[in-house]
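Numbering-wise (our numbering), the sequence shown opens with residue 2 and increments by one.
Backbone N, C-alpha and C fix where the C-beta goes; we use that ideal spot for every residue, glycine too.
Note that the structure is predicted; figures quoted are calculated from it, not measured.
Please read the structure below before turning to the comments.
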Amino acid sequence: MKKIPVGETMEPIIRLKDVSMVYGVNGTRATALAGVSFDVRRGEYVVITGESGSGKSTLLTVLGGLQVPTGGAVRIGGADLSALPADGLADFRRETIGFVFQAYHLLPYLTARENVMVPMSPERISPREKASLAGELLAAVGLAGMEDRLPSQLSGGESQRVAIARALVHDPPVILADEPTGNLDSATGKQVLDLFSSLHARGKTVLMVTHNLSNLARATRSIRLRDGRIEDDRTRRPLTAKPLAV
């Protein structure tokens, strides 16, 4: 699948139009998103905040094509996610979006290197090439020498860095992160956030859901949700400006 270019910062790479998500169980309806619309330009670093239940995580799963919205449209790189067949959506997601979750989602019986290799499965490259690429990615996130450790032998911060390395396997232009520092102490969390700042500096478009308002200092833009709607959407610094020291 063709890669989405990341150099044209003025063109939206993400576009949401009137996106809604309504859940229904036994006749009871709950609205997670209610007519959410916004664009994200290439190279933005967007921090999404809001209280628990505001719709933050639902928004991220919809953006990533992990859930189909009840209504509205989601376009990434010009592709309408709702128009893609299941296999096409999986390929698009694999090539275009890197996911980083609070819980890491590492397979406990695989080493750090093997966990990074998991999304390489469909690739037609040799096992040796896969292992080499995984090692390079782990070194890039500061885990050189830890390739053969199991998740149980890694700290929380190290586990999250493995997850970030895994998210970078296909060099995706978009990184979606859901509370990536939620399970980490402040010092370790800062190290992980430094990695996201580095990815943003390399041209990645980053959208991060967080409860930690101190993360706003790193963002070019912030969006606050309340009851499934956008309560506030503001630019925090120009795309070309450096993040504030934290």
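| Query | Result |
| --- | --- |
| Val63 versus Val75 - alpha carbon distance | 8 Å |
| Helix, strand or coil at Val37 according to DSSP, with G and I counted as helix | strand |
| Leu108 classed as buried or exposed, judged by whether at least 16 other C-beta atoms fall within 10 angstroms | exposed |
| Minimum C-alpha distance to Val163 - residue among Leu134, Arg114 and His201 | Arg114 |
| C-alpha distance - Val69 paired with Pro181, whole-angstrom precision | 23 Å |
| Range of the contiguous alpha helix (DSSP H) that encloses Arg219 | Unbroken run through Arg219: none, as it is neither H nor E. |
| For Gly25, the first and last residue of its enclosing beta strand (DSSP E) | Pro13 to Val26 |
| Residue interval of the beta strand (DSSP E) (run including Asp186) | From DSSP, Asp186 is part of no beta strand (DSSP E); its letter is neither H nor E. |
| Beta carbon of Leu248 nearer than 9 Å to that of Val119 | Residue coverage of the chain in this structure runs from 2 to 247, which leaves residue 248 outside it and unanswerable. |
| Extent of the continuous beta strand (DSSP E) to which Asp179 belongs | Val175 to Asp179 |
| In chain order, each alpha helix (DSSP H) run of at least 4 residues that lies wholly inside the stretch 131-170 | 157-168 |
| Where the alpha helix (DSSP H) through Thr50 begins and ends | Run containing Thr50: none in the alpha helix (DSSP H); it sits in the beta strand (DSSP E), Tyr46 to Thr50. |
| Cutoff 9 Å: Leu139 Cβ touching any chain B Cβ | Checking the listed chains, one finds no chain B in this structure; it contains a single protein chain. |
| Limits of the unbroken alpha helix (DSSP H) element including Gly72 | From DSSP, Gly72 is part of no alpha helix (DSSP H) but of the beta strand (DSSP E) over Gly72 to Ile77. |
| C-beta atoms of Val37 and Leu226 nearer than 9 Å | yes |
| Three-state secondary structure assigned by DSSP to Asp234 | strand |
| Three-way DSSP call (helix, strand, coil) for Ala31 in this model | strand |
| Outcome for Ala166 when other beta-carbon atoms lying within 10 angstroms are tallied against a minimum of 16 | buried |
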